[in-house]
Amino acid sequence: VQVRTQELTQRNVELQAEVAARARAQSVAHTLSMAVSEGEAAVYIVNQAGFITYSNPGASQLSGIAQNELIGREYSTLYASAFATERRHALDDALKKHRRWTGIVSRARTGGTSYLAEVVLNPITDENGEKSVVCVESDVTKREMDAARMRRDITTDPLTGLYNRRHFDAQL
Numbered sequence: 014v015q016v017r018t019q020e021l022t023q024r025n026v027e028l029q030a031e032v033a034a035r036a037r038a039q040s041v042a043h044t045l046s047m048a049v050s051e052g053e054a055a056v057y058i059v060n061q062a063g064f065i066t067y068s069n070p071g072a073s074q075l076s077g078i079a080q081n082e083l084i085g086r087e088y089s090t091l092y093a094s095a096f097a098t099e100r101r102h103a104l105d106d107a108l109k110k111h112r113r114w115t116g117i118v119s120r121a122r123t124g125g126t127s128y129l130a131e132v133v134l135n136p137i138t139d140e141n142g143e144k145s146v147v148c149v150e151s152d153v154t155k156r157e158m159d160a161a162r163m164r165r166d167i168t169t170d171p172l173t174g175l176y177n178r179r180h181f182d183a184q185l
């Protein structure tokens, strides 16, 4: 009886530790879920066939497309027509080959406008072996426009708009 009591006590301690570990894991999962759903960045999960299986509210806000309309949509339909073909192929290739990719792409927004998005692709494999890609996007239009303006200001005269000496030195 004493041996059995010790075994049960030990098992009870193990079960309490497992319950505490699961509670911590649930807390972390809830925090991560809130971070994704409340975040400003657009988050998509794209399956190997190239279709969106998840999008957060930030994706809807950024694209101007309702969240329920994004689910099941082909990810490539979000590309703006101005998106360079060679970069489009690199992004599609990363999606199909299930590999990491980072770059700036031109995205279409409803109403015919577009914006520049910094895209980070992270491949994942779920517990069933299904491969997907998590796509995180942020609108970087203003940042890129500011950078272009700064590059222009560095190499041109502010009064005449003509190239300055710095531009010619860089060209040499």
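In the working numbering, the protein residues as written are 14 to 185. No residue lacks a Cβ here, since even glycine has one placed at the ideal position from N, Cα and C.
With a threshold of 9 Å between beta carbons, is residue i in contact with chain D?
i	result
I65	Absent from the structure: chain D. Only one protein chain is present.
Would you kindly work out how many angstroms separate the C-alpha atoms of residue i and residue j, rounded to a whole number?
i	j	result
S50	Y57	11 Å
V146	Y88	11 Å
K109	M158	31 Å
W114	R101	12 Å
Q29	V149	37 Å
A3	S127	Because the chain is modelled from 14 through 185, residue 3 falls outside the range shown and cannot be assessed.
S46	T66	16 Å
L75	R24	51 Å
N35	V26	The question names Asn, yet the displayed sequence has Arg at residue 35. The straight-line gap from Cα to Cα measures roughly 14 Å.
L104	A183	32 Å
A42	N135	18 Å
A79	R37	33 Å
G124	V32	51 Å
V16	S40	36 Å
Within 10 Å of its beta-carbon, does residue i have 16 or more other beta-carbons around it, so buried, or fewer, so exposed?
i	result
L129	buried
D166	exposed
A72	buried
Y9	Examination of residue 9 is not possible in this model, given that the chain is present from 14 through 185 alone.
D152	buried
A161	exposed
Determine, using beta carbons only, whether residue i and residue j come nearer to each other than 9 Å.
i	j	result
G52	N69	yes
I117	E140	no
L83	R120	no
Quick check on DSSP: helix, strand or coil for residue i?
i	result
V26	helix
E143	coil
A38	helix
V16	helix
I65	strand
Scan the segment 103 to 160 and note each continuous beta strand (DSSP E) run of 3 residues or more that stays entirely inside, going in chain order. 114 to 121, 127 to 138 and 144 to 152
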